[in-house]
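**Student:** In the order they appear, the protein sequences are chains A and B.
Count the first sequence with my numbering and you get residues 1 to 430, in order.
Count the second sequence with my numbering and you get residues 431 to 860, in order.
Would you mind keeping the following structure in view while I ask a few things?
Protein chains: 2
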Amino acid sequence: MSKPFRVAVAGLGTVGAGVVKILEDNKDVITKRAGRPVEVVGIMARDKTKDRGIDVSKYKWSETLEEFLNNDVDCVAEMIGGSEGIAKDCVEGALSSGKHVVTANKALLAHHGAALSALAETGKVQINFEAAVGGGIPIIKSLREGLAANKIKSVIDILNGTCNYILTEMQQTGRDFADVLKEAQEKGYAEADPTFDVDGIDTAHKIALLTSIAFGVKPDIDHMEINGIRNITAEDLVHAEELGYKIKLFGICKNINGKLVKSVEPCLVPLGSTISAVDGVLNAVNIEGDFVGTSLSVGFGAGQNATASAVVADIIDLARGNEIPTFGVPANDLVDADWGDVGDSVSRFYVRLVVVDKPGVLAEISAIMRDNNVSMEAVLQRGEDDENVPVSVVITSHLVKQSNIVKALDLIAQKQNLSESPCLMRIESV
Amino acid sequence: MSKPFRVAVAGLGTVGAGVVKILEDNKDVITKRAGRPVEVVGIMARDKTKDRGIDVSKYKWSETLEEFLNNDVDCVAEMIGGSEGIAKDCVEGALSSGKHVVTANKALLAHHGAALSALAETGKVQINFEAAVGGGIPIIKSLREGLAANKIKSVIDILNGTCNYILTEMQQTGRDFADVLKEAQEKGYAEADPTFDVDGIDTAHKIALLTSIAFGVKPDIDHMEINGIRNITAEDLVHAEELGYKIKLFGICKNINGKLVKSVEPCLVPLGSTISAVDGVLNAVNIEGDFVGTSLSVGFGAGQNATASAVVADIIDLARGNEIPTFGVPANDLVDADWGDVGDSVSRFYVRLVVVDKPGVLAEISAIMRDNNVSMEAVLQRGEDDENVPVSVVITSHLVKQSNIVKALDLIAQKQNLSESPCLMRIESV
Numbered sequence: 001m002s003k004p005f006r007v008a009v010a011g012l013g014t015v016g017a018g019v020v021k022i023l024e025d026n027k028d029v030i031t032k033r034a035g036r037p038v039e040v041v042g043i044m045a046r047d048k049t050k051d052r053g054i055d056v057s058k059y060k061w062s063e064t065l066e067e068f069l070n071n072d073v074d075c076v077a078e079m080i081g082g083s084e085g086i087a088k089d090c091v092e093g094a095l096s097s098g099k100h101v102v103t104a105n106k107a108l109l110a111h112h113g114a115a116l117s118a119l120a121e122t123g124k125v126q127i128n129f130e131a132a133v134g135g136g137i138p139i140i141k142s143l144r145e146g147l148a149a150n151k152i153k154s155v156i157d158i159l160n161g162t163c164n165y166i167l168t169e170m171q172q173t174g175r176d177f178a179d180v181l182k183e184a185q186e187k188g189y190a191e192a193d194p195t196f197d198v199d200g201i202d203t204a205h206k207i208a209l210l211t212s213i214a215f216g217v218k219p220d221i222d223h224m225e226i227n228g229i230r231n232i233t234a235e236d237l238v239h240a241e242e243l244g245y246k247i248k249l250f251g252i253c254k255n256i257n258g259k260l261v262k263s264v265e266p267c268l269v270p271l272g273s274t275i276s277a278v279d280g281v282l283n284a285v286n287i288e289g290d291f292v293g294t295s296l297s298v299g300f301g302a303g304q305n306a307t308a309s310a311v312v313a314d315i316i317d318l319a320r321g322n323e324i325p326t327f328g329v330p331a332n333d334l335v336d337a338d339w340g341d342v343g344d345s346v347s348r349f350y351v352r353l354v355v356v357d358k359p360g361v362l363a364e365i366s367a368i369m370r371d372n373n374v375s376m377e378a379v380l381q382r383g384e385d386d387e388n389v390p391v392s393v394v395i396t397s398h399l400v401k402q403s404n405i406v407k408a409l410d411l412i413a414q415k416q417n418l419s420e421s422p423c424l425m426r427i428e429s430v
Numbered sequence: 431m432s433k434p435f436r437v438a439v440a441g442l443g444t445v446g447a448g449v450v451k452i453l454e455d456n457k458d459v460i461t462k463r464a465g466r467p468v469e470v471v472g473i474m475a476r477d478k479t480k481d482r483g484i485d486v487s488k489y490k491w492s493e494t495l496e497e498f499l500n501n502d503v504d505c506v507a508e509m510i511g512g513s514e515g516i517a518k519d520c521v522e523g524a525l526s527s528g529k530h531v532v533t534a535n536k537a538l539l540a541h542h543g544a545a546l547s548a549l550a551e552t553g554k555v556q557i558n559f560e561a562a563v564g565g566g567i568p569i570i571k572s573l574r575e576g577l578a579a580n581k582i583k584s585v586i587d588i589l590n591g592t593c594n595y596i597l598t599e600m601q602q603t604g605r606d607f608a609d610v611l612k613e614a615q616e617k618g619y620a621e622a623d624p625t626f627d628v629d630g631i632d633t634a635h636k637i638a639l640l641t642s643i644a645f646g647v648k649p650d651i652d653h654m655e656i657n658g659i660r661n662i663t664a665e666d667l668v669h670a671e672e673l674g675y676k677i678k679l680f681g682i683c684k685n686i687n688g689k690l691v692k693s694v695e696p697c698l699v700p701l702g703s704t705i706s707a708v709d710g711v712l713n714a715v716n717i718e719g720d721f722v723g724t725s726l727s728v729g730f731g732a733g734q735n736a737t738a739s740a741v742v743a744d745i746i747d748l749a750r751g752n753e754i755p756t757f758g759v760p761a762n763d764l765v766d767a768d769w770g771d772v773g774d775s776v777s778r779f780y781v782r783l784v785v786v787d788k789p790g791v792l793a794e795i796s797a798i799m800r801d802n803n804v805s806m807e808a809v810l811q812r813g814e815d816d817e818n819v820p821v822s823v824v825i826t827s828h829l830v831k832q833s834n835i836v837k838a839l840d841l842i843a844q845k846q847n848l849s850e851s852p853c854l855m856r857i858e859s860v
């Protein structure tokens with residue numbers, strides 16, 4: 001038996017404690033698979049007395065980062081979180097001192113991934129981050145390795161369990177966003193401050209990382225339209241279903257004629273498609289490659305066990321001696337992407353307008369759509385028959401350039417007395 | 431740049447030609463990802479003049495296996511197929527002479543996997559076989575690496591595109607098995623001799639390989655009930671749908687109280703579940719681990735491009751220098767499984783009986799079910815109102831030990847004048 005692979009764990013929140021637990025509980029299979037024992041040596045966390053369901057007295061406890069980084073280990077598991085501060089110091093310190101890093105920290109890598117990848121290569125060590133995106137789905141491994149023969153065409157994913165849970169509840173119960181969010185917070189599925197999740201920032205970090213591996217570009221969170229799910233109404237979900245769709249928050253990156261177009265946005269997907277059946281807190285990742293076709297993976301995106309499972313898989317990989325560049329190609333080969341404009345992308349769209357129902361409204365809307373080359377597929381008008389009461393007009397379009405339909409909606413908003421901003425969502429046939 | 435990674439390809443059928451094509455077409459990204467050029471050096475196939483869509487004159491052509499194995503290469507890609515004969519000789523010869531092997535040959539590994547894994551270890555080389563199971567789904571990698579932190583509880587998979595296509599067509603069009611099979615043969619989705627596919631043998635090979643990795647046991651195709659889809663009628667699909675289910679051919683292995691129970695069998699799955707939406711030629715693999723929960727992957731299982739994509743990913747892994755034991759643990763650690771009896775497994779079931787409709791039939795069936803501890807959930811009786819005309823009685827059970835319901839059906843068959851054998855299918859809530 002080879003000598004043990006030694007790990008130090010920074011941060012004993014939900015995930016960090018889960019990592020220690022798996023390494024203890026599944027020691028037998030992990031030793032066989034890694035070809036050597038994997039041992040936790042040191043730990044750093046804030047409160048030594050807190051009950052985490054594990055016995056921390058077995059491990060060397062560090063109070064300071066300096067002391068922690070002095071542990072004689074092969075690998076540091078950074079489970080602190082956040083794109084700056086101690087998490088960043090910890091990762092940089094570990095890499096600089098020749099220790100591999102395993103992390104679940106999507107924000108850190110989305111902001112500083114290219115530099116950290118270069119730092120790892122200088123130190124001849126690895127950064128593994130399977131747990132940063134869809135913990136229960138080995139998607140980083142699939143993209144870096146399993147699909148490595150392919151030029152990737154698109155990545156379309158459900159990456160935030162909180163949003164998917166809220167949308168599923170809204171669809172199944174007919175309740176409003178605010179109501180379902182409140183319940184999700186009470187159940188612990190959503191944070192007290194839900195901004196990061198429901199406004200799409202978490203998804204943006206994750207799609208930035210997948211984009212980097214899929215297309216060989218530096219991680220980037222700037223060139224991206226980010227729209228969350230706050231403005232989706234119970235009514236939108238009802239209309240979507242009537243038209244044969246569900247609504248999902250997608251992180252998307254597509255190669256469109258050599259330019260990458262990246263966004264986070266709620267989209268309609270056809271009922272009956274596999275991804276439309278991915279409900280609740282589940283995540284899903286759909287990759288299209290030039291040879292593999294489409295490959296879809298579904299699993300738990302968060303939670304102690306699924307996330308810790310991914311962290312420990314990364315540790316086993318390192319214990320086995322396997323080395324893959326952080327983003328699938330050497331740091332020097334990562335290029336600045338040629339970003340395209342999401343307005344140039346061609347899709348089908350869903351539109352909901354709240355208009356005052358008087359004669360000629362539909363004719364005017366139709367004329368503006370036509371004048372901007374928007375061909376309409378279906379039109380629903382729902383609401384009271386009373387004149388002067390606002391009603392919803394729901395439209396689906398045929399394929400159209402996004403900037404055209406945006407322009408049409410701007411003109412409609414100017415001419416019509418809209419009681420709220422138009423709702424525009426892409427229809428994706430994943 | 432490191433020196434090239436040299437590959438020799440044995441067999442230029444659909445997949446072999448696809449491998450050469452990808453290595454040519456995607457040379458740029460593959461070189462970056464592998465960290466070195468990947469070059470085809472030698473080729474062995476039967477007919478040098480056949481048009482395969484690739485220019486074979488660029489590569490050294492071998493007429494004999496002996497000459498082929500003399501190529502000075504790092505890796506042999508065995509794309510010949512078959513569990514014996516030249517494919518086996520080729521793999522053994524390559525491993526014995528210190529060459530890595532990449533193969534899509536499920537039959538070879540299902541029959542000889544343990545011995546070949548040991549041979550590879552002796553020669554300090556690797557066997558990679560991602561393409562052998564669900565080509566477009568990187569499931570071997572997921573199981574050997576991505577989920578390596580987990581004790582696996584179950585593996586439940588759709589692994590044969592031909593069967594899934596036939597079942598989907600039967601369900602969507604109401605046509606019979608024989609009719610849809612004939613069409614599938616004409617379209618090239620099914621072989622002239624469909625036995626291997628529709629009788630479940632192909633699925634059996636694949637589930638044997640997944641079982642080996644998932645549970646650390648020697649590949650084994652003997653301890654397995656294998657039932658294909660020949661006896662499923664259009665009527666079964668209609669009844670299943672009425673009751674809220676689809677029918678899928680599953681390869682299954684579960685750890686039930688420390689014993690492994692493995693089978694290939696058509697099962698009912700709830701409509702609305704993600705796996706129920708996996709239609710047509712797609713494959714799906716559902717893994718349940720003790721920490722990761724369930725993880726489902728969907729993709730193309732066969733076809734030139736998806737399969738060749740998997741082969742090339744395996745080659746890139748080897749070019750990167752990554753090493754994983756064939757079945758996830760060293761060959762010496764693979765154990766003979768403790769196989770359980772599928773009759774002891776507890777499930778819900780679907781039953782269809784064709785009985786002559788006379789008073790008291792249902793009462794007698796119900797009594798026999800009750801006497802054998804089978805609790806019925808739903809009963810449908812469909813057909814003419816004429817007495818003495820055979821009608822179908824469809825029953826779903828609550829959870830019951832399989833041997834109990836089998837015994838009940840035997841007794842019913844003895845007492846009733848059944849015009850055909852009872853149809854029994856498991857209901858799986860994947």
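We put the beta carbon where it would ideally sit given N, CA and C, even for glycine.
If we define contact as Cβ-Cβ less than 8 Å, is lysine 684 of chain B a contact residue for chain A?
**Tutor:** As a first step, residue 684 of chain B is located in the second sequence; it is residue number 254 there, counting from the start. Closer than 8 Å: no.
**Student:** Quick one: grab the DSSP three-state call for glycine 681 of chain B.
**Tutor:** On the second sequence, residue 681 of chain B is found 251 positions in, with the first residue counted as 1. Strand, per DSSP.
**Student:** Since proline 330 of chain A meets chain B, which of its residues come closer than 9 Å, beta carbon to beta carbon?
**Tutor:** The sequence position of residue 330 of chain A within the first sequence is 330, counting from 1. Chain B residues near proline 330 of chain A: Lys462, Gly465.
**Student:** Would you mind sorting glycine 576 of chain B into buried or exposed? The rule is 16 or more other CB atoms within 10 Å of its CB.
**Tutor:** To locate residue 576 of chain B, count along the second sequence from 1; it is residue 146. When all chains shown are included, glycine 576 of chain B counts as buried.
**Student:** With distances taken from CA atoms, which of B:Asp632, B:Gly733, B:Leu673, B:Glu551 is nearest alanine 403 of chain B?
**Tutor:** In the structure displayed, chain B extends from 431 to 860; residue 403 of chain B sits before or after that span and is not available.
**Student:** Could you pull out every unbroken alpha helix (DSSP H) segment of at least 4 residues lying fully inside the region 124-179 of chain A, listed in chain order?
**Tutor:** 161-173
**Student:** Measuring CB to CB, does glycine 710 of chain B end up less than 8 Å from asparagine 594 of chain B?
**Tutor:** Along the second sequence, read from residue 1 onward, the residue named residue 710 of chain B stands at position 280. Along the second sequence, read from residue 1 onward, the residue named residue 594 of chain B stands at position 164. In contact: glycine 710 of chain B and asparagine 594 of chain B (Cβ atoms closer than 8 Å).
**Student:** Less than 8 Å separating the beta-carbons of isoleucine 129 of chain A and isoleucine 140 of chain A?
**Tutor:** The residue given as residue 129 of chain A occupies position 129 in the first sequence. The residue given as residue 140 of chain A occupies position 140 in the first sequence. The sequence as given places phenylalanine at residue 129 of chain A; isoleucine does not occur at that position. With respect to the 8 Å criterion, phenylalanine 129 of chain A and isoleucine 140 of chain A are classified as neighbours on the basis of their beta carbons.
**Student:** Assign glutamine 414 of chain A to one of two classes, buried (16 or more other C-beta atoms within 10 Å of its C-beta) or exposed (fewer than that).
**Tutor:** The residue you call residue 414 of chain A lines up with position 414 of the first sequence. The residue in question, glutamine 414 of chain A, is exposed, as its Cβ has fewer than 16 Cβ neighbours within 10 Å.
**Student:** Does the Cβ-Cβ distance between arginine 463 of chain B and lysine 433 of chain B come in under 8 Å?
**Tutor:** The residue labelled residue 463 of chain B in the question sits at position 33 within the second sequence. The residue labelled residue 433 of chain B in the question sits at position 3 within the second sequence. No, the Cβ-Cβ distance between arginine 463 of chain B and lysine 433 of chain B is not below 8 Å.
**Student:** Let's see if you can read the secondary structure: which residues bound the alpha helix (DSSP H) around glycine 448 of chain B?
**Tutor:** Residue mapping note: residue 448 of chain B aligns to position 18 of the second sequence, counting from 1. First-last of the alpha helix (DSSP H) with glycine 448 of chain B: 444-455.
**Student:** Does lysine 581 of chain B come within less than 8 Å of chain A when only Cβ atoms are used?
**Tutor:** Position 151 of the second sequence, counting from 1, holds the residue named residue 581 of chain B. Yes, lysine 581 of chain B lies at the interface with chain A (some Cβ there is under 8 Å from its Cβ).
**Student:** Tell me where the beta strand (DSSP E) around valine 393 of chain A begins and ends.
**Tutor:** The residue you call residue 393 of chain A lines up with position 393 of the first sequence. 390-397 is the span of the beta strand (DSSP E), which, as asked, contains valine 393 of chain A.
**Student:** For valine 355 of chain A versus leucine 411 of chain A, is the C-beta spacing smaller than 8 Å?
**Tutor:** By one-based count along the first sequence, residue 355 of chain A stands at place 355. By one-based count along the first sequence, residue 411 of chain A stands at place 411. No. Outside cutoff.
**Student:** Of all the CB atoms in chain A, is at least one closer than 8 Å to the CB of phenylalanine 757 of chain B?
**Tutor:** Residue mapping note: residue 757 of chain B aligns to position 327 of the second sequence, counting from 1. So no, phenylalanine 757 of chain B is outside the interface.
**Student:** Report the residues of the region 123-142 of chain A with a CB closer than 9 Å to any CB of chain B, ordered along the chain.
**Tutor:** Here the close residues are Glu130, Gly135, Gly136, Ile137, Pro138, Ile139, Ile140, Lys141, Ser142.
**Student:** Using beta carbons (cut-off 8 Å, strictly below), is arginine 320 of chain A in contact with chain B?
**Tutor:** Indexing the first sequence from 1 puts residue 320 of chain A at position 320. Closer than 8 Å to some Cβ of chain B, the Cβ of arginine 320 of chain A qualifies, so yes.
**Student:** On the premise that leucine 712 of chain B lies in contact with alanine 670 of chain B, defined as a C-beta separation below 8 Å, what is that separation, rounded to the nearest angstrom?
**Tutor:** Residue mapping note: residue 670 of chain B aligns to position 240 of the second sequence, counting from 1. Residue mapping note: residue 712 of chain B aligns to position 282 of the second sequence, counting from 1. At roughly 19 Å, the Cβ-Cβ gap does not stay under 8 Å, so alanine 670 of chain B and leucine 712 of chain B are not in contact.
**Student:** Is the Cβ of asparagine 456 of chain B closer than 8 Å to any Cβ of chain A?
**Tutor:** Position 26 of the second sequence holds residue 456 of chain B. Yes, asparagine 456 of chain B lies at the interface with chain A (some Cβ there is under 8 Å from its Cβ).
**Student:** Using C-beta distances below 6 Å, list every residue in its chain close to serine 347 of chain A, excluding the 5 sequence neighbours before and after it, in chain order.
**Tutor:** Stepping through the first sequence from its first residue, residue 347 of chain A is reached at position 347. Excluding sequence neighbours, serine 347 of chain A sits near Arg426.
**Student:** Specify, as a first and last residue, the run of the beta strand (DSSP E) that serine 492 of chain B falls within.
**Tutor:** For this step, residue 492 of chain B is matched to residue 62 along the second sequence. Where serine 492 of chain B is concerned, the enclosing beta strand (DSSP E) starts and stops at 490-492.
**Student:** Helix, strand or coil for methionine 799 of chain B per DSSP?
**Tutor:** Here residue 799 of chain B is taken as the residue at index 369 of the second sequence, counted from 1. Here methionine 799 of chain B sits in helix by DSSP.
**Student:** Please return the same chain residues whose Cβ sits closer than 6 Å to the Cβ of glycine 328 of chain A, not counting the five positions on each side in sequence.
**Tutor:** Position 328 of the first sequence, counted from the start, is the residue given in the question as residue 328 of chain A. Cβ neighbours of glycine 328 of chain A beyond the five flanking positions: Arg144, Ile213.
**Student:** At the level of alpha carbons, what is the spacing between lysine 692 of chain B and methionine 806 of chain B?
**Tutor:** As a working mapping, residue 692 of chain B is identified with position 262 in the second sequence. As a working mapping, residue 806 of chain B is identified with position 376 in the second sequence. Each residue's alpha carbon lies about 26 Å from the other.
**Student:** Could you work out which residues of chain B lie near leucine 147 of chain A, taking near to mean beta carbons separated by less than 8 Å?
**Tutor:** In the first sequence, residue 147 of chain A corresponds to position 147, counting from 1. The answer, in chain order, is Pro568, Ser739, Ala743.
**Student:** Can you check DSSP and say which residues form a bridge with glycine 93 of chain A?
**Tutor:** By 1-based counting over the first sequence, the position of residue 93 of chain A is 93. Beta-bridge pairing links glycine 93 of chain A to no other residue.
**Student:** If we define contact as Cβ-Cβ less than 8 Å, is glutamate 469 of chain B a contact residue for chain A?
**Tutor:** Start at 1 with the first residue of the second sequence, and residue 469 of chain B comes out as number 39. Answer no: the Cβ-Cβ gap between glutamate 469 of chain B and chain A never drops below 8 Å.
**Student:** Taking buried to mean at least 16 other C-beta atoms within 10 Å of its own C-beta, is arginine 370 of chain A buried or exposed?
**Tutor:** Numbered from 1 along the first sequence, position 370 holds the residue referred to as residue 370 of chain A. The residue is exposed, with fewer than 16 neighbouring Cβ atoms inside 10 Å.
**Student:** Taking the DSSP output, what are the residues bridged to lysine 246 of chain A?
**Tutor:** Locating residue 246 of chain A in the first sequence gives position 246, counting from the first residue. DSSP, once it has assigned bridges, lists A:Val269 as partnering lysine 246 of chain A.
**Student:** Would you tell me roughly how many angstroms separate the C-alpha atoms of serine 397 of chain A and valine 379 of chain A, rounded to the nearest one?
**Tutor:** In the first sequence, the residue the question calls residue 397 of chain A occupies position 397. In the first sequence, the residue the question calls residue 379 of chain A occupies position 379. Approximately 9 Å, taken between the alpha carbons.
**Student:** Going along chain B in order, which residues have a C-beta closer than 8 Å to the C-beta of alanine 277 of chain A?
**Tutor:** In the first sequence, the residue the question calls residue 277 of chain A occupies position 277. Within chain B, the residues near alanine 277 of chain A are Gly702, Ser703, Thr704, Ser706, Ala707.
**Student:** When you compare the region 678-690 of chain B with the region 634-641 of chain B, are there three or more beta-carbon pairs, one atom per stretch, that lie closer than 8 Å?
**Tutor:** yes
**Student:** Pairs of beta-carbons, one from the region 65-75 of chain A and one from the region 7-24 of chain A, closer than 8 Å: are there three or more?
**Tutor:** yes
**Student:** Just to make sure I have the definition right: I need the residues of chain A whose C-beta is within less than 9 Å of the C-beta of glutamate 753 of chain B. Which are they?
**Tutor:** The sequence position of residue 753 of chain B within the second sequence is 323, counting from 1. In chain order: Arg320, Gly321, Asn322.
**Student:** When the Cα atoms are used, what is the spatial distance from valine 431 of chain A to valine 351 of chain A?
**Tutor:** Since the first and last residues shown for chain A are 1 and 430, residue 431 of chain A lies out of range.
**Student:** Show which residues of chain A have a CB atom less than 9 Å away from the CB atom of glycine 723 of chain B.
**Tutor:** Against the second sequence, residue 723 of chain B aligns to sequence position 293. By Cβ distance, chain A contributes Gly136, Gly299, Phe300, Gly303, Asn305, Ala306, Ser309.
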